[in-house]
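Note sheet for the following structure.
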Amino acid sequence: MLWYKAWLETRSRFLISLLGMVILPCYLVFDENRGPKQYTPDDWYNHVFHNGHGLIVIMWLAAVILLMMGGLLREKANGTAAFTLALPVSRAHQMLVRILSGFGQTMTLAVVPCSAMYLVAITTGRDTPVSHALSHVVLLCAGGLVFFSVAVFSSSVVEGEYTAPAVAFGLLFADIAVLGQGRYQAYSIWKFMLGNEYLDRAPQPLTGIPWPHVAANVLIAVLLLAASIRAIQRREF
Amino acid sequence: MIDLPVIQTHRLCKSYGRTDAVRDLSLSVGAGRMTGFLGRNGAGKSTTIKMLTGMIRPTSGEGSVLGERIGDSEENVQLRRRVAYVSEDKRLYGYMTVAQMIRFTSGFYSDWRPDTAEFLRCKYELPADRKVKALSKGMRTKLALLLAIARQPALLILDEPSEGLDPVGVEQLLESLVTQCGEGTAVFFSSHQIEEVERIADQVCIVEQGRLLKDVSLDDIRQCYRRIDLVFPTQPHERDFRLEGVESVQTSGHQMRILASGNVNEVIERGHAFHASEVDVAPVSLREMFLSTIQENSHALV
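Residue numbers (the numbering used here), protein chains in the order written: chain A, 1 to 237; chain B, 1001 to 1302.
Structural data, given as structure tokens:
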């Protein structure tokens, strides 16, 4: 039943995000394809397909922060926490359901738009290797996992109805502004998700998935999620 | 077989920084009884209820509900299977409809009674397809109550249940609580509405500044408590009337008002001994007893 609640709570945000994330990048690819400009395969990838990926990344980040805007602290702010906490379910279980349902939704938001954009590309005559689309998904999911866990963590420690997403957006902008350029770029999750270093500006775009970086991101995400569960278990309502 | 208390606390304390919300609260609530929890705003009622339901942790002391320790998170989950709780603000998920809310809640309890839920939904005139956020406060309160009593909890804890209800709603609420208690559920509820408590409660616990001042049955109040008004020719001394069983003494000029839970005849004799010109003895309402208890103790507790 907690899954049912999680779905009812987030379905509007999820479906609107999914719709927007499928339509906009697909339209971008479709529109460029029917235009007068002629692209070489590499140019087409670098200037169109990769831009579509960038658009998906931006929309995905906004969507994940808004989707994970919830949980017991938000319920405390809007007054429903007492009802939720009176249910015969542990707080850890409640958090786990919220994390897993959010994870499922955010992964869907990564896979479906990337797949849709790839399908639009190949059905409109662009010979795009499936490995490119897969690489986009891997980078989006692996980098996005950190932002997903940041959104969960902020909603588990910051009180207020809209304070947690505001904090998560703040951290995202800090990543873009502080780490996104210069010598710290290697540490920027935002840059990692865009994948310029691994996918772009080369005759052979796919240079390989940076698995150590992916593993580090997964580890950070797991630690943040564990800390979120602990914070909620200790919190007084 | 002796019924164990459904709620038992021993020197329960809760502090927020240097403020003590609950102090050394030792409480015992009997099974199958309707217990009113009375106190002024900020007396510690809601804090106590939140500790009992595991929403906050006691700073010190112990407590158990239906034999499960409130401080143990695993036991707390177990006790919540048998306890129904209606919080003070009765907020429910605004994005669900009434039917979805009932369906959602029913999934957590094996003893859910769908017929009772439907009967109460019709009785409370709750539209199944209306979103909770579109319900009035009174309707929301009724829905919260429905979700609590559509099963057979061993204990029903309610924090200000009648707040926001119109007179018809209050009557339905009181009727539902009496029915629920008659079916064997112990009811523990806080309220500011003393007349409502007096109508339905078997027992009342009065708290002030986090401390339990009184734990008394309504039968005892009706049978043993008396208000004695005395008029003297000269100004009387309170200390002369501080006998055993005298709960409070108030003087105003030559008049004295005594609230006694026992030794009433002795107090009357003492009045005559001090040449009281008028002696009037009357039963005591819960309101009088409550106000007198609070007044008598508020200075002593500071």
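Note that CB positions come from ideal geometry on N, CA and C, so glycine has one too. This structure is a prediction, so every number in the text was calculated from the model and none was measured.
With a threshold of 8 Å, are at least 3 pairs of Cβ atoms found where one atom belongs to the segment 60-78 of chain A and the other to the segment 1030-1045 of chain B?
no
Grab me the residues of B:S1176's own chain with a C-beta within less than 7 Å of its C-beta, minus the 5 sequence neighbours each way, in chain order.
L1145 and I1149
Only counting runs of 3 or more residues, tell me where the beta strand (DSSP E) segments fall wholly within the segment 1091-1177 of chain B, in order along the chain.
1155-1159
Would you kindly work out how many angstroms separate the C-alpha atoms of A:G160 and A:A226, rounded to a whole number?
21 Å
Enumerate in chain order the residues of its own chain whose CB-to-CB distance from A:Y187 is below 8 Å, with the five nearest sequence positions on each side excluded.
L179
By the 10 Å Cβ neighbour count, where 16 or more other Cβ atoms means buried, how is B:V1086 classified, buried or exposed?
buried
Under 8 Å from the C-beta of A:Y162: neighbouring residues of chain B:
Under the 8 Å cutoff, chain B gives no residues; its nearest Cβ is about 15 Å from A:Y162.
Could you name the residues of the same chain whose beta carbon sits closer than 8 Å to that of A:G208, not counting the 5 residues immediately before and after it, in chain order?
Y198
Closest by CA to B:G1253, which one among B:V1264, B:R1242, B:L1243 and B:H1237?
B:H1237
Quick one: what's got a C-beta closer than 7 Å to A:P203's C-beta in the same chain, skipping five residues either side?
Caution is warranted here: a pLDDT of 46 is assigned to A:P203, below 50, making its placement in the model unreliable, and no coordinate value can be reported.
Is the segment 1187-1195 of chain B close to the segment 1220-1238 of chain B, with three or more CB pairs under 8 Å?
no
Would you kindly work out how many angstroms separate the C-alpha atoms of B:V1065 and B:V1284, rounded to a whole number?
32 Å
Could you give the DSSP three-state label for B:H1254: helix, strand or coil?
coil
DSSP beta-bridge partners for B:T1185?
Note: B:T1185 sits in no beta bridge, so no partner.
Just the Cα atoms here: how many angstroms apart are A:E75 and B:D1089?
13 Å
Give every residue of the same chain whose Cβ lies closer than 6 Å to the Cβ of A:F148, excluding the five residues on either side of it in the sequence, and list them in chain order.
V64 and T106
In chain B, what lies closer than 8 Å to A:L72 by C-beta?
Near A:L72 there are no residues of chain B at all, since even the closest Cβ is about 10 Å away, more than 8 Å.
Check whether the Cβ atoms of B:G1036 and B:V1197 sit closer than 7 Å, and answer yes or no.
yes
Assigned exposure category for B:C1122 - 16 Cβ within 10 Å defines buried
exposed
Check whether A:S154 and A:A168 have beta carbons under 7 Å apart:
yes
Whole angstroms are fine: how far does the CA of B:I1157 sit from the CA of B:I1007?
10 Å
Can you tell me the Cα-Cα spacing of A:C114 and B:R1103, whole angstroms?
36 Å
Using a Cβ cut-off of 8 Å, which residues of the segment 1234-1256 of chain B contact any Cβ in chain A, in chain order?
none
Output, in chain order, the set of chain B residues within a Cβ distance shorter than 7 Å of A:P210.
Going along chain B, no residue has its Cβ under 7 Å from A:P210, so there is no contact; the nearest lies around 40 Å.
Best match in B:D1166, B:L1004 and B:T1185 for proximity to B:E1068 [C-alpha to C-alpha]
B:L1004
When the Cβ atoms of the segment 1044-1057 of chain B are set against those of the segment 1107-1126 of chain B, are three or more pairs found closer than 8 Å?
no
According to DSSP, which residues form a beta bridge with B:M1034?
B:V1187
Are the CB atoms of B:G1164 and B:K1131 within a distance shorter than 7 Å?
no
For B:D1220, which option in B:P1233, B:Q1203 and B:G1210 has the closest C-alpha, if you only look at C-alpha atoms?
B:Q1203
Tell me whether A:W7 is buried or exposed, calling it buried when 16 or more other Cβ atoms sit within 10 Å of its Cβ.
exposed
Status (buried if at least 16 other CB within 10 Å, exposed otherwise) for A:I16:
exposed
Taking the alpha carbon of A:L66 as the point to measure from, which residue in A:N33, A:L28, A:Q94 and A:T10 has its own alpha carbon closest?
A:T10
I want to see whether chain A comes within less than 7 Å of B:V1267, judged by CB atoms only; does it?
no
Step through the CB atoms of chain B and report whether any lies within less than 7 Å of the CB of A:A82.
yes
Interfacial residues, the segment 1077-1096 of chain B to chain A, with Cβ spacing under 9 Å:
V1077, Q1078, L1079, R1080, R1081, R1082, V1083, A1084, Y1085, V1086, S1087, E1088, D1089, K1090, R1091, L1092, Y1093, G1094, Y1095 and M1096
Who are the Cβ neighbours of B:G1017 in its own chain at under 7 Å, not counting the five residues just before and after it?
none
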